[in-house]
Amino acid sequence: MPKEQRENACSVPLLLVAQCQPCPEPSPSWQANPFQHRICHVFSTSVDGDDSLSFEDFLDMLSAFSDAATSDIKSNYAFRIFDFNDDGVLDRKDLEELVNCLTGQGEEARLSSAEMEQLICNVLEESDIDKDGTINLSEFQHVISRSPDFVSTFAVGRARALCVCSSSGFGAGWLPSGNSSVQGARSIP
Ligand SMILES: [Ca+2]
Ligand SMILES: [Ca+2]
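Using my numbering, count along the sequence shown one by one with no gaps and you end on 197.
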């Protein structure tokens, strides 16, 4: 984002900067964020491809997660964060990785393959409007538009921190009716 545009689009509260310390001493909320590597990857402009964040990248990140960012900006970045192989669409592999990020790495937390398959089918059924088997940005934004909590959930430096998919946020629109968390997916018949 050009400097001029950034200055107009975003005023980063100092408190937010103080609360968010991705490096060298990450805050507990940042460390607990399963998407930290993806977030660095998406916001890094490093030509070395090492996903390091310059100060400008850091400000862009804060801007995207701030209250000042529009739903379009937030959903655009969320889409890129979830697009694990950077190919511009969310396919089954991306969704599987997304679910694994949300449920955690522990064996107990993981969904069985049947549960995973059911969840991904549900997500695609709800989101894949053109039925090509993947979710593109506009399909994703369409889903997000139905999740009123998404904008406030995609935030940094709060109790909810950088977790873009909290149990009450974006995920709710993607999960089977009545289930408002990924754990809820376990109750799929
Ligand atoms: Ca992808
Ligand atoms: Ca599609």
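Here a beta-carbon is modelled for each residue, glycine too, at the ideal position from N, C-alpha and C.
Beta-carbon proximity list for residue i, same chain, < 6 Å, skipping 5 on both sides
i, result
"F87", "L145, F148"
"A163", "F73"
"H45", "none"
"D59", "C48, H49, S52"
"S54", "S60"
"K139", "none"
"A122", "none"
"R166", "With a pLDDT of 40 at R166, under the threshold of 50, the modelled position of that residue is not reliable, and the figure given next carries that caveat. Here the set comprises nothing."
"M69", "F51"
Other residues of its chain near residue i: CB distance less than 7 Å, five sequence neighbours each side excluded
i, result
"T111", "A117, R118, L119, V190"
"C171", "Bear in mind that the predicted position of C171 carries a pLDDT of just 39, short of 50, making it too unreliable to give a figure here."
Within 8 Å, strictly: CB atoms of residue i and residue j
i, j, result
"L61", "C48", "yes"
"F43", "I89", "yes"
"Y85", "V50", "yes"
When the options are compared against residue i, the one with the closest alpha-carbon
i, options, result
"N41", "A122, L106, P156, K139", "L106"
"P156", "Y85, D91, T78, G96", "T78"
"L98", "T142, D136, R154", "T142"
"E125", "S54, S71, E104, S160", "E104"
Integer-rounded CB distance, given that residue j should sit under 8 Å from residue i
i, j, result
"I81", "R100", "Contact doesn't hold; Cβ gap of about 27 Å is too wide."
"D65", "S52", "6 Å"
"D102", "N108", "With 8 Å as the limit, D102 and N108 do not qualify as a contact, their Cβ atoms being about 11 Å apart."
"V151", "E133", "Actually they do not touch by this definition, with Cβ atoms about 11 Å apart."
Close-in-space but distant-in-sequence residues of the same chain around residue i (CB under 8 Å, 5 per side omitted)
i, result
"D136", "T142, I143, E147"
"D91", "V97, L98, D102"
"E15", "In this prediction, E15 scores a pLDDT of 43, lower than 50, which makes its location untrustworthy; no coordinate-derived value is stated."
(request) Ignoring anything shorter than 4 residues or poking outside the region 113-165, list the alpha helix (DSSP H) runs there in chain order. (result) For secondary structure counted as the alpha helix (DSSP H) over 4 or more consecutive residues, the region 113-165 holds these complete runs in sequence order: 121-135, 145-152, 158-161.
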